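Using numbering that gives the first Met the number 0, count along the sequence shown one by one with no gaps and you end on 455.
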Amino acid sequence: MSATASSSGGHAASPSPAAASSSGPLAGTVTVPGDKSVSHRALIFGALAIGETRISGLLEGEDVLNTAKACAALGARVERLGAGEWRVEGVGIGGLRAPAAPLDFGNSGTGARLMMGMVAGNPIEATFDGDASLRRRPMRRILDPLEKMGVSVEEAAEGGRLPIRLKGPRDLIPITYESPVASAQIKSAVLLAGLGAPGETTLIEKEASRDHTERMLAHFGAELRVESHGAHGRKVTLKGRPELKPTPIHVPADPSSAAFPLVAALIVPGSDVTIKGVMINPLRTGLFKTLKEMGASIELLGERVEGGESVADLRVRHSALTGVDVPAERAPSMIDEYPVLAVAAAFARGTTRMRGLSELRVKESDRLAAVAAGLAQAGVTYAIEGDDLIVEGTGTVAGGGTVATHMDHRIAMSFLVMGLATGKPMKIDDISFVATSFPAFVPLMRGLGAAIEVAS
């Protein structure tokens, strides 16, 4: 199967409700999908290298497939060889062609934002678009540094939102840019653009965000320096216009996807679950660290390095959890995991305060509001103070509500996990968007013993 230039977004035409009910002990060994962040980047860097890059373990969710289609539309040859096995024939930095149609990223902010940086280093025009949820998400944070580098925003919806038409300059300007927020997407867009600029492009962040782009740049032969900056930040300097060399990539299991069976095992009495080959990059393991502070039994087995990333098998057993204070500086290492952490906090005893969650307001949905509404539906006491979420846990959760998912896969999965241990079933209004990151979520969870029903 070859990737093509068009994309429909691929979501169900009508909502597909689902419900989760109190389950017996969860048990078994599972492998969750490949890491979404690494999967996007593997395709993008494969397209920017000259020659053939082989990728194994690629996440074949809708978000990543839309990135594959966009790479093909820009001139790379992208081909699926088998389950998780792909090859990309790259065209080199500066070698992208103008796409014949708008690039449709469906629900994926990562795909859209990274590929804006990718396209910036080419003297072509491209239009970026997505579904209704993605069209609401802020893109000005990406456009600001790209404009400083000489990229022209030819068209954009109100507030710098999708659909956006960009035109790359003949000669990109290298810049030093301090990111206003800790965001791997901003950092990656600037560095991807910097590949096409002469000289050095520097990105500074006050809080270190996930570093998959830097690791993959080095993996493909780019020259860059990573230095500490302040108490928690980093300064990344990239030498522009390298020749990226194709190299095999194995995509490790996604810690953000592992979070769902992991938390389910912690809250369902008697559970004992092992999750294979999970990435344990320290800039992605904030959830694991927080849960251990809460008293979670999480063992790391067989730690090893695969494709430049540290991985391990996680053995997780039901645990009595206690509320904790989660510092704001931990947010970049677990920004996608706060919804399911809120679920764990609801089953803990005592108060859990999650600080500095402003970034949750600009994800697939306003996740802070969506999580709060879901907790209310389940009968959990909570408060929002500024950008902090406070959950008052009592060890048990009544359940019985219906949660509005707002086209957000992580909200959907989080509250289905909650329903596996609540007094009454938890329902969600739509499970269809789970396909963006975890297409096999329901069968995998059922295989462990989870009682999840999807309306036909």
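Glycine is no exception: its CB is placed at the ideal position from the N, C-alpha and C atoms. None of the values given here were measured: they were computed from a predicted structure.
Judged by DSSP secondary structure, residue 311 falls within the beta strand (DSSP E) whose first and last residues are 308–316. Considering only 189, 348 and 301, the residue with the shortest C-alpha distance to residue 216 is 189.
Counting other Cβ atoms within 10 Å of its Cβ, residue 304 stays below 16 and is therefore classed as exposed. Pairwise C-beta distances place the segment 278–285 out of contact with the segment 345–362, as fewer than three of them are shorter than 8 angstroms.
Around the beta carbon of residue 13, fewer than 16 other beta carbons sit within 10 angstroms, so the residue counts as exposed.
If you ignore the 5 residues before and after residue 98, its C-beta comes within less than 7 angstroms of the C-beta of 4, 72, 73 and 125, all in its own chain and listed in chain order. Within 10 angstroms of the beta-carbon of residue 261 lie 16 or more other beta-carbons, which makes it buried. Note on residue 34: 16 or more other CB atoms within 10 angstroms of its CB, so buried under the neighbour-count rule. In this model, residue 331 and residue 181 are separated by some 6 angstroms (Cα to Cα). Inclusion of residue 344 and residue 320 in the CB contact set at 9 angstroms is warranted, their separation being smaller than that value. The residue from 118, 115 and 103 with its alpha-carbon nearest to that of residue 130 is 103. For residue 211, DSSP assigns no beta-bridge partner whatsoever. Beyond the five residues adjoining it in sequence on each side, residue 292 comes within less than 6 angstroms, by CB distance, of 323 in the same chain, given in chain order. Taking the CA atoms as reference points, residue 266 sits about 12 angstroms from residue 348. Under DSSP, residue 387 shares a beta bridge with 384. In its chain, beyond the 5 residues on either side, 158, 159, 160 and 361 have a beta carbon closer than 8 angstroms to the beta carbon of residue 137.
Our two residues, residue 382 and residue 334, have alpha carbons roughly 19 angstroms apart in a direct line. One thing to note: residue 46 has its Cβ within 9 angstroms of the Cβ of residue 117. Spatial neighbours of residue 77 in its own chain (CB-CB distance under 6 angstroms, excluding positions within 5 residues in sequence) are listed in chain order as 2, 67, 70, 71 and 87. For residue 264, same chain residues with a beta-carbon under 6 angstroms away, outside a window of 5 residues either side, are 25, 270, 272 and 315 in chain order. Residue 241 has its alpha-carbon roughly 21 angstroms from the corresponding atom of residue 183. Nearest in C-alpha terms to residue 155, of all of 430, 286, 228 and 101, is 101. In this structure, DSSP gives residue 128 an extended state, which the three-state scheme calls strand. Under the DSSP assignment, residue 235 falls in the beta strand (DSSP E) whose first and last residues are 232–238. Nearest neighbour of residue 248 by Cα position, chosen from 433, 19, 32 and 37, turns out to be 37. For residue 79 and residue 57, the gap between their C-alpha atoms comes out near 10 angstroms. When DSSP reads this structure, residue 146 sits in no beta bridge, so it has no partner. Using a Cβ distance threshold of 9 angstroms, residue 171 and residue 119 count as a contacting pair. By the CB criterion at 9 angstroms, residue 295 and residue 275 fall outside the cutoff.
In the DSSP assignment, residue 114 falls within the unbroken alpha helix (DSSP H) covering 108–119. Residue pairing by DSSP places residue 20 opposite 450 in a beta bridge.
If you draw a straight line from the Cα of residue 167 to the Cα of residue 192, it comes to about 10 angstroms. Residue 445 is classed as exposed because its beta carbon has fewer than 16 other beta carbons within 10 Å across all chains shown. Under the three-state reduction of DSSP output, residue 438 falls in the coil class, being neither helix nor strand. Bounds of the alpha helix (DSSP H) holding residue 254 are 254–266. Exclusion of the five residues before and after residue 386 leaves 355, 356 and 357 as the residues of its chain whose Cβ lies within less than 7 angstroms of its Cβ.
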